[in-house]
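Here the numbering used here runs 1089 ahead of the position in the sequence shown, where the first position is 1.
C-beta: ideal position from N, C-alpha, C; glycine also.
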Amino acid sequence: MGTPDHVADALERRSDSRSSSQTEIMGEAPGQTDVASVGLARASVITLACTLAMVNNIMSGASIAIALPDIGNDLGISQADLQWLVSAYSLTSGCFLLLFGRLADLFGRKKAFLIGKFWFLAWAIGCGFAPNAISLDVMRALQGMGAAATIPSAIGILAHEFPPSLARSVAFATFSAGAPLGGAIGFVTGGLMTEYTSVRWRGIFYVSAGLAALTMVAAMLGIHKDKPSEEQDLRIDWIGAFLSTTALVLLTFSLAQSSSAKDGWKTPYIPVILVTSILLLGCFVYWEHYLETHTNRPPLMRLGLWTRAKGKFSAVQLIVLFNWSCFTTWQFFVTLYYQEYLGLSPIDTTIRLLPMSVSGLLCNLVIALFIGRVSGTVLIGVGCFFTGFAALLFAIIKPSVTYWAFGFPAAAVVVFGADFMFATGSIFVAKVALPHEQSLAGGIFNTLNQLGTAFGLAIASVLLSTTTASCLLSTARKFIDPTVFPV
């Protein structure tokens, strides 16, 4: 028999009451520390395992970004199709987060974490042996499913193992620091492997597989055995899972394909797929509402979660979508700018992007030290401003100027938005979510994160194609204009 609706509603109201008292998005009070229930050694290993999972996830994307030109030359992939090496991973890692987050809450976060990490490891090795572009894209997509199981499980594990305290804020800040650390390791690994080893870009995936194995060992040693779910009804909303996953897959695919298809958005099947995905999302929301109001079956996602903390939960998801769109698009095109336009080597490109990782680590140190003293809303606002500023610098950059004038300051501040947003947002999501929906809430947060990648690349690719076509047309007109080139 399922949990009665009035009990679930009461729990949700309790969460609303708890979170609505927080007028700002912020962490725990700085005076509270609580690792006694976990033990310092075990708390360190738990945090290490979850942080390594984040490092592994971000490293996978950063190392590929550095190696894109080399992979394209080796496998004969056009520049327009290169983005699929990024988007294929983002597609699956983003689209399965809701389902896998829910499954982790119901059947065990440690199980989901270890299964996801093993799946990631297996396909990382497969990517290293990929013979062509199609097989590499497919295996990157399968690898992303492992991340979709691991990351929301890690968020749920941290929220469960650390009660609300300064220790929880430090644990989440450390977990978030895995992103810039993974970026640094990814850039260095991608540059060194591509330029100085015989296996070249394939070595990136072997290193990634080794780190995944190390993460599994830390998780098996440190994370407590799964406890039974607090929910009495363990039935899975498979219809909701199908609707949400299919809608997100189609949405991400249409956005990614719009920039690589020959005619872009004019390709007939792309707008059809986009509209279909939006309709399916609408059907998903209706179905979840129907389950909540007309049945005793648990939905995949309680819609009330989006109204928590007086709607701040929804606001955070929207901010992370647009912020991550800007950040990942900047990273993608700046890498191509350095290597394809300026002709720099992968290692030279790596050196120019390393300030991102240093700044990212400093951002998370600020979170760990000052969360609870400084409003999370202020940190997010400052971060978003500087991410936009970095994009503006490259919008007006002149190739002839020194790196220190535009490239360095842009790389130093572009991560402010991503890191302040991810760390503060993760702490906030853990605060407003109920104990039995921590991984699901983390899955929602990371779904918007991954959708931001696909959304940003799609919009930027359309703008790039339009600008390129406009420049070509302008050049052609000069050749036929007798006032410019007299005959």
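Task: Whole-angstrom distance between Ser1366 and Trp1376, CA atom to CA atom - done: 15 Å
Task: Extent of the continuous alpha helix (DSSP H) to which Thr1438 belongs - done: 1435-1459
Open item on the list: My output table needs one value for Val1503: the three-state DSSP class, helix, strand or coil.
Closed with: coil
- [ ] Can you give me the Cβ contacts of Cys1415 inside the same chain, cut-off strictly under 6 Å, excluding the 5 residues immediately before and after it?
- [x] Thr1476, Ala1480
Open item on the list: Check whether the region 1209-1222 and the region 1295-1302 touch, using three or more Cβ-Cβ pairs below 8 Å as the test.
Closed with: yes
Open item on the list: Quick check: what's the CA-CA separation for Phe1342 versus Glu1381?
Closed with: 30 Å
Open item on the list: Only counting the same chain, and skipping five residues up and downstream in sequence, which positions put a Cβ closer than 8 Å to that of Leu1141?
Closed with: Gly1267, Leu1300, Leu1303, Thr1304, Ala1307
- [ ] Would you check if the distance between the CB atom of Ala1230 and the CB atom of Phe1209 is smaller than 8 Å?
- [x] no
- [ ] For the region 1204-1251, list the alpha helix (DSSP H) runs that are entirely contained and at least 4 residues long, ordered along the chain.
- [x] 1222-1250
Open item on the list: Assuming the contact rule is C-beta atoms closer than 8 Å, Val1409 and Gly1541 should be a hit. Round their C-beta distance to whole Å, please.
Closed with: 7 Å
Open item on the list: As an exercise, report each continuous beta strand (DSSP E) stretch of at least 3 residues that is fully enclosed by the region 1374-1415, in chain order.
Closed with: none
Open item on the list: In this structure, how does DSSP classify Val1144 when only helix, strand and coil are distinguished?
Closed with: helix
Task: Residue span of the alpha helix (DSSP H) that contains Ser1265, given as start and end - done: 1255-1285
- [ ] Return the CA-CA distance between Phe1185 and Gly1532, expressed in angstroms with no decimal places.
- [x] 8 Å
Task: Cα-Cα separation, Phe1189 to Ala1201 - done: 8 Å
- [ ] Please list the segments of the alpha helix (DSSP H) lying wholly inside the region 1316-1347, counting only runs of 4 or more residues, in order along the chain.
- [x] none
Task: Residues that Val1134 bridges to, as DSSP identifies them - done: In DSSP, Val1134 forms no bridge with anything.
Task: Simplified DSSP assignment, three categories, for Val1463 - done: strand
Open item on the list: Since Ala1522 and Ala1262 should fall inside the 8 Å C-beta cutoff, what is the C-beta to C-beta distance between them, to a whole number of angstroms?
Closed with: Contact doesn't hold; Cβ gap of about 18 Å is too wide.
TODO: Could you pull out every residue in the same chain whose Cβ sits closer than 8 Å to the Cβ of Leu1339, ignoring the five residues on either side in sequence?
DONE: Ile1362, Leu1363, Thr1365, Ser1366, Leu1369
- [ ] Pick helix, strand or coil for Thr1513, following the three-state DSSP scheme.
- [x] helix
- [ ] Grab me the residues of Leu1171's own chain with a C-beta within less than 7 Å of its C-beta, minus the 5 sequence neighbours each way, in chain order.
- [x] Leu1157, Gly1161
Task: Span separating the alpha-carbon of Ser1464 from that of Gly1432 - done: 43 Å
Open item on the list: Helix, strand or coil for His1525? Go by DSSP, reduced to three states.
Closed with: helix
Open item on the list: For Gly1292, report the span of its alpha helix (DSSP H) as first-last.
Closed with: 1291-1311
TODO: Could you check if Lys1199 is buried or exposed, using at least 16 other CB atoms within 10 Å of its CB as the buried criterion?
DONE: buried
- [ ] Find out if the Cβ-Cβ distance for the pair Pro1269, Met1510 is shorter than 8 Å.
- [x] no
TODO: Verify whether the separation of the beta carbon atoms of Thr1418 and Gly1496 is less than 8 Å.
DONE: no
Task: Meets three-Cβ-pair contact criterion under 8 Å: the region 1382-1397 and the region 1347-1359 - done: no
- [ ] Identify whether Ala1125 lies in helix, strand or coil by the three-state DSSP scheme.
- [x] In this prediction, Ala1125 has a pLDDT of 49, which is less than 50 and means its spatial position is unreliable; what the coordinates show is noted afterwards. Ala1125 falls in the coil class under three-state DSSP.
Open item on the list: Do Ser1179 and Gln1420 have their beta-carbon atoms positioned less than 8 Å apart in this structure?
Closed with: no
TODO: Go through its chain and collect everything with a Cβ distance to Ala1499's Cβ below 7 Å, but skip five positions before and after it.
DONE: Ala1479, Leu1482, Phe1483
Open item on the list: In whole angstroms, give me the CA-to-CA distance for Arg1107 and Thr1334.
Closed with: Residue placement at Arg1107 is flagged as unreliable, the pLDDT there being 47, under the threshold of 50; a coordinate-derived value is accordingly withheld.
Open item on the list: Beta-carbon within less than 7 Å of Trp1219's beta-carbon, same chain only, minus the 5 sequence neighbours each way: which residues are those?
Closed with: For the record, residue 1219 in the displayed sequence is Ala; it is not Trp. So the list reads Leu1225, Met1228, once near-sequence residues are dropped.
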